[in-house]
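Colleague:
Protein chains: 2
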Amino acid sequence: MAKLPQTNAQVLLKSRPQGIPQAEHFEIVQTPMPVLESGQFLVRNEFLSVEPAMRGWVNAAANYSDPVPVGGVMRSFAAGVVVASRHHGYSEGDRVMGMLGWQAYAVSDGSTIRRKVLEDDLPLSLSLGVLGINGVTAYFALTEVGEPRPGDTVVVSTAAGSVGSAAGQIARLAGCRTVAITGGPEKMRMCLEDFGYDAAVDYKSAGFVDALVQACPRGVDVYYDNTSGAISDAVVRHINKGARIVICGTASVSNWEPWPAGPRVERHLLNKAARMQGFLVWDYEHRYEEAVSKLAGWVRNGSLQYREEILEGMAAAPDAIAGLYRGENFGKRVIRLQPQD
Amino acid sequence: MAKLPQTNAQVLLKSRPQGIPQAEHFEIVQTPMPVLESGQFLVRNEFLSVEPAMRGWVNAAANYSDPVPVGGVMRSFAAGVVVASRHHGYSEGDRVMGMLGWQAYAVSDGSTIRRKVLEDDLPLSLSLGVLGINGVTAYFALTEVGEPRPGDTVVVSTAAGSVGSAAGQIARLAGCRTVAITGGPEKMRMCLEDFGYDAAVDYKSAGFVDALVQACPRGVDVYYDNTSGAISDAVVRHINKGARIVICGTASVSNWEPWPAGPRVERHLLNKAARMQGFLVWDYEHRYEEAVSKLAGWVRNGSLQYREEILEGMAAAPDAIAGLYRGENFGKRVIRLQPQD
Numbered sequence: 001m002a003k004l005p006q007t008n009a010q011v012l013l014k015s016r017p018q019g020i021p022q023a024e025h026f027e028i029v030q031t032p033m034p035v036l037e038s039g040q041f042l043v044r045n046e047f048l049s050v051e052p053a054m055r056g057w058v059n060a061a062a063n064y065s066d067p068v069p070v071g072g073v074m075r076s077f078a079a080g081v082v083v084a085s086r087h088h089g090y091s092e093g094d095r096v097m098g099m100l101g102w103q104a105y106a107v108s109d110g111s112t113i114r115r116k117v118l119e120d121d122l123p124l125s126l127s128l129g130v131l132g133i134n135g136v137t138a139y140f141a142l143t144e145v146g147e148p149r150p151g152d153t154v155v156v157s158t159a160a161g162s163v164g165s166a167a168g169q170i171a172r173l174a175g176c177r178t179v180a181i182t183g184g185p186e187k188m189r190m191c192l193e194d195f196g197y198d199a200a201v202d203y204k205s206a207g208f209v210d211a212l213v214q215a216c217p218r219g220v221d222v223y224y225d226n227t228s229g230a231i232s233d234a235v236v237r238h239i240n241k242g243a244r245i246v247i248c249g250t251a252s253v254s255n256w257e258p259w260p261a262g263p264r265v266e267r268h269l270l271n272k273a274a275r276m277q278g279f280l281v282w283d284y285e286h287r288y289e290e291a292v293s294k295l296a297g298w299v300r301n302g303s304l305q306y307r308e309e310i311l312e313g314m315a316a317a318p319d320a321i322a323g324l325y326r327g328e329n330f331g332k333r334v335i336r337l338q339p340q341d
Numbered sequence: 001m002a003k004l005p006q007t008n009a010q011v012l013l014k015s016r017p018q019g020i021p022q023a024e025h026f027e028i029v030q031t032p033m034p035v036l037e038s039g040q041f042l043v044r045n046e047f048l049s050v051e052p053a054m055r056g057w058v059n060a061a062a063n064y065s066d067p068v069p070v071g072g073v074m075r076s077f078a079a080g081v082v083v084a085s086r087h088h089g090y091s092e093g094d095r096v097m098g099m100l101g102w103q104a105y106a107v108s109d110g111s112t113i114r115r116k117v118l119e120d121d122l123p124l125s126l127s128l129g130v131l132g133i134n135g136v137t138a139y140f141a142l143t144e145v146g147e148p149r150p151g152d153t154v155v156v157s158t159a160a161g162s163v164g165s166a167a168g169q170i171a172r173l174a175g176c177r178t179v180a181i182t183g184g185p186e187k188m189r190m191c192l193e194d195f196g197y198d199a200a201v202d203y204k205s206a207g208f209v210d211a212l213v214q215a216c217p218r219g220v221d222v223y224y225d226n227t228s229g230a231i232s233d234a235v236v237r238h239i240n241k242g243a244r245i246v247i248c249g250t251a252s253v254s255n256w257e258p259w260p261a262g263p264r265v266e267r268h269l270l271n272k273a274a275r276m277q278g279f280l281v282w283d284y285e286h287r288y289e290e291a292v293s294k295l296a297g298w299v300r301n302g303s304l305q306y307r308e309e310i311l312e313g314m315a316a317a318p319d320a321i322a323g324l325y326r327g328e329n330f331g332k333r334v335i336r337l338q339p340q341d
């Protein structure tokens with residue numbers, strides 16, 4: 001067993017934000033290194049995840065999980081290596097990914113572990129991105145809810161994001177025409193060159209709707225929606241008979257309490273015999289390895305591209321979620337812990 | 001072959017309505033009795049159907065069928081008996097149901113016939129109601145889109161209507177708790193006593209939402225929606241995880257052009273991993289007999305109740321659609337043609 005430091009660096013939720021959590025809502029503290037009890041093991045985190053959903057985890061409104069308590073370690077996925085174990089199922093050197101929190105060391109009894117990371121030939125950080133919740137979400141949401149068929153037109157919003165870029169590429173691998181909705185010239189370029197979309201449209205441009213219609217000459221069969229709001233309203237108007245709208249995220253709407261108003265979709269869904277369906281990746285937890293296996297195969301043979309943005313050191317954590325909402329990131333955002341963290 | 005009259009009574013669309021078609025938009029005319037060509041047969045209609053969807057059939061906006069032309073026979077389902085045939089597949093005496101129009105006699109080459117009515121032990125009018133599009137719609141929309149499971153709570157709007165009452169009863173037969181949304185004391189009574197709902201709530205009462213919540217102590221698993229609008233908004237707020245919202249009609253919203261505003265459902269569908277899906281019975285045309293066979297069995301053994309409202313004579317036709325929208329009917333509205341029609 002490696003020699004452990006005396007203290008553990010942790011990012012705590014200092015106060016509860018209204019809306020997007022900012023740097024000021026967090027504080028980094030040093031706490032005593034935990035002592036393992038029987039049935040526990042200690043993980044040295046190498047990468048901490050940063051994702052939009054974490055905004056919901058710190059807000060008071062009941063969402064699909066209880067909010068992080070003020071004063072508690074910020075909830076997050078993280079990936080690391082087991083450095084000490086009193087658990088028969090985990091050994092020193094095991095690579096694991098799970099809900100380990102924004103901290104350097106995490107004690108687990110196994111219940112917070114999502115999986116052992118077995119892809120030793122691939123970077124550990126991928127278990128937080130394209131081989132993690134992002135990729136697994138894209139895989140099941142697209143294939144199980146979107147049900148793409150060869151020749152379908154599949155439109156993806158936040159198409160350059162870590163979920164969207166995977167969804168678009170999986171749709172292309174399924175034989176679909178893929179259309180990206182993204183913002184700004186650099187993300188347009190990424191969508192077309194890095195992620196292989198057949199077309200890309202810029203929601204920030206004045207001619208967005210015309211460009212969208214032009215990019216979908218045969219209408220829209222699957223809409224993989226990460227945004228909601230005006231972007232989605234435009235796509236929904238152009239769905240085909242029998243279309244599937246996958247609600248995977250609502251990034252463009254900042255507040256859902258009270259529910260904002262928008263155009264009613266009922267008549268349109270009826271006339272098109274179309275469906276709109278929400279997707280929660282937790283419902284597919286029992287099939288996680290099935291998705292990772294597919295995704296890892298595509299990563300290895302080069303047919304699934306990904307992009308990571310690696311922030312260095314725990315000091316980057318407090319502002320990292322706010323940065324996502326400022327749209328400053330390109331690719332899956334992770335924090336790589338440093339020896340001194 | 002029975003002796004045929006010289007003329008055929010027909011209801012023509014006289015002018016195109018904006019909104020709900022009124023009596024003044026139709027006229028009854030006598031036209032020469034058609035002469036059969038080879039491959040054709042003549043149906044003497046006994047019952048003409050009256051249904052809310054006919055409003056859409058006469059309006060100019062492209063819906064899911066072309067509008068009835070001004071001066072054309074009003075499109076409708078009808079049921080009758082073959083009285084002359086030059087078609088090898090149809091013989092005198094065959095009972096048929098199809099898109100035969102609001103007229104006493106209809107020529108067909110078979111393409112307008114939906115089915116031969118083989119349930120000789122049951123009234124022919126049922127082929128326009130509980131054993132017709134209404135029943136078949138309720139059957140497939142509930143079972144294929146709603147996917148009811150034993151113990152589920154199923155809420156039905158326009159629960160006393162010809163589609164809703166069938167949907168509610170089929171849900172009860174599937175082992176569900178069924179909750180009716182309807183308007184006024186007589187329809188409340190029908191829902192509880194005639195159609196066997198476990199609970200009924202009156203959307204016209206001030207305490208509607210509270211009553212709805214009380215009637216669904218375990219939340220809502222399936223919402224069979226015939227109304228849209230404020231009624232549906234109340235139900236949607238109380239759906240359970242994994243709920244299915246079947247969009248079968250939008251009777252409470254009078255105008256969809258432009259799309260009216262309502263509360264955005266995306267976040268809620270996401271949080272609940274729920275779906276909202278439109279249903280068009282035409283998509284199940286190839287499985288029509290499967291549904292009729294089930295429904296007829298339930299009618300025969302008394303487990304599926306229905307209610308008809310029979311208007312006498314073609315003179316009742318012009319005002320019959322408007323009457324539906326005035327809410328004056330109880331049960332599936334049909335027009336029984338008289339000998340002089």
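Same order as they appear, the protein sequences are chains Y and G.
The opening residue of the first sequence carries number 1 in full-length UniProt numbering; numbering runs sequentially from there.
The opening residue of the second sequence carries number 1 in full-length UniProt numbering; numbering runs sequentially from there.
Glycine included, C-beta positions come from ideal geometry on N, C-alpha and C.
Expressed to the nearest angstrom, what Euclidean distance is found between the alpha-carbon atoms of residue 378 of chain Y and S125 of chain Y?
Modeller: There is no way to answer for residue 378 of chain Y, as the model of chain Y reaches only from 1 to 341.
Colleague: Could you please tell me which residues of the stretch 272-283 of chain G, in chain order, have their CB closer than 7 angstroms to any CB of chain Y?
Modeller: Cβ contacts with chain Y: K272, A273, A274, R275, M276, Q277, G278, F279, L280 and D283.
Colleague: With 16 as the cutoff for other CB atoms within 10 Å, does W57 of chain Y come out buried or exposed?
Modeller: Classification for W57 of chain Y: buried.
Colleague: What residue does the beta strand (DSSP E) around M97 of chain Y start on, and which one ends it?
Modeller: From DSSP, the beta strand (DSSP E) with M97 of chain Y extends over R95 to G98.
Colleague: Touch check for the stretch 124-141 of chain G and the stretch 193-202 of chain G: three-plus C-beta pairs under 8 angstroms?
Modeller: Output reads no: the stretch 193-202 of chain G does not touch the stretch 124-141 of chain G.
Colleague: Mapping the DSSP letters down to three states, classify L311 of chain G as helix, strand or coil.
Modeller: Correct three-state label for L311 of chain G: strand.
Colleague: Please confirm whether I247 of chain G has its beta-carbon closer than 8 angstroms to some beta-carbon of chain Y.
Modeller: By this cut-off, I247 of chain G is an interface position.
Colleague: With 8 angstroms as the threshold, decide whether the Cβ of P34 of chain G is near any Cβ in chain Y.
Modeller: No, P34 of chain G does not count as interfacial toward chain Y.
Colleague: Quick one: complete beta strand (DSSP E) runs, 3+ long, within the stretch 4-51 of chain G?
Modeller: Complete beta strand (DSSP E) runs here, min 3: 7-13, 26-32 and 41-49.
Colleague: Using a Cβ cut-off of 9 angstroms, which residues of the stretch 259-271 of chain Y contact any Cβ in chain G, in chain order?
Modeller: Within the stretch 259-271 of chain Y, the qualifying residues are W259, P260, A261, G262, P263, R264, V265, E266, R267, H268, L269, L270 and N271.
Colleague: Output yes or no for whether 8 angstroms exceeds the beta carbon distance between E119 of chain Y and A79 of chain Y.
Modeller: Not in contact: E119 of chain Y and A79 of chain Y (Cβ atoms no closer than 8 angstroms).
Colleague: Taking the alpha helix (DSSP H) that G56 of chain G falls in, what are its first and last residues?
Modeller: Element bounds for G56 of chain G: M54 to V58.
Colleague: Please confirm whether S228 of chain G has its beta-carbon closer than 8 angstroms to some beta-carbon of chain Y.
Modeller: Yes - at least one Cβ of chain Y is within 8 angstroms of the one on S228 of chain G.
Colleague: Measure how close the beta-carbons of Y203 of chain G and A167 of chain G come, nearest whole angstrom, since I'm counting them as under 8 angstroms.
Modeller: The pair is not a contact, with the Cβ atoms about 17 angstroms apart (cut-off 8 angstroms).
Colleague: First and last residue of the alpha helix (DSSP H) that includes T137 of chain Y?
Modeller: First-last of the alpha helix (DSSP H) with T137 of chain Y: I133 to F140.
Colleague: Between which two residues does the alpha helix (DSSP H) containing Y325 of chain Y stretch?
Modeller: A320 to Y325 is the span of the alpha helix (DSSP H), which, as asked, contains Y325 of chain Y.
Colleague: Give the residues of chain G in contact with T250 of chain Y, contact being defined as C-beta atoms less than 9 angstroms apart.
Modeller: In chain order: R264, E266, R267 and L270.
Colleague: For W256 of chain G, go through chain Y and note every residue whose CB falls closer than 7 angstroms to its CB, in chain order.
Modeller: The contacting residues are R267.
Colleague: Per the contact definition of three or more C-beta pairs closer than 8 angstroms, is the stretch 217-231 of chain Y in contact with the stretch 244-262 of chain Y?
Modeller: These segments touch.
Colleague: Could you have a look at M276 of chain G and say whether DSSP puts it in helix, strand or coil?
Modeller: Note: M276 of chain G maps to strand in three-state DSSP.
Colleague: Would you be able to state if there are at least three C-beta pairs under 8 angstroms between the stretch 313-324 of chain G and the stretch 168-179 of chain G?
Modeller: They do not touch, by the three-pair rule.
Colleague: Please report the straight-line C-alpha distance between R149 of chain G and E257 of chain Y, rounded to a whole angstrom.
Modeller: Distance between the alpha carbons of R149 of chain G and E257 of chain Y is about 31 angstroms.
Colleague: Below 8 angstroms between beta carbons: does that hold for Y116 of chain G and D152 of chain G?
Modeller: What sits at residue 116 of chain G in the sequence shown is Lys, not Tyr. No.
Colleague: Return the residue from the list G:L304, G:E308 and G:R55 that minimises the CA-CA distance to N329 of chain G.
Modeller: Looking at the Cα atoms, G:E308 is the closest of the given residues.
Colleague: Assuming contact is defined by CB atoms lying nearer than 8 angstroms, are F140 of chain Y and Q305 of chain Y in contact in what I supplied?
Modeller: No, the Cβ-Cβ distance between F140 of chain Y and Q305 of chain Y is not below 8 angstroms.
Colleague: Give me the DSSP bridge partner(s) of Q103 of chain G.
Modeller: For Q103 of chain G, which the question treats as bridged, DSSP gives the partners G:Q10.
Colleague: Using 8 angstroms for Cβ pairs, my map puts A180 of chain G next to A160 of chain G. What's the rounded Cβ distance?
Modeller: About 7 angstroms; that satisfies the 8 angstroms criterion.
Colleague: For S91 of chain Y and F41 of chain Y, I'd like the C-alpha separation in whole angstroms.
Modeller: The alpha-carbon atoms of S91 of chain Y and F41 of chain Y are separated by roughly 8 angstroms.
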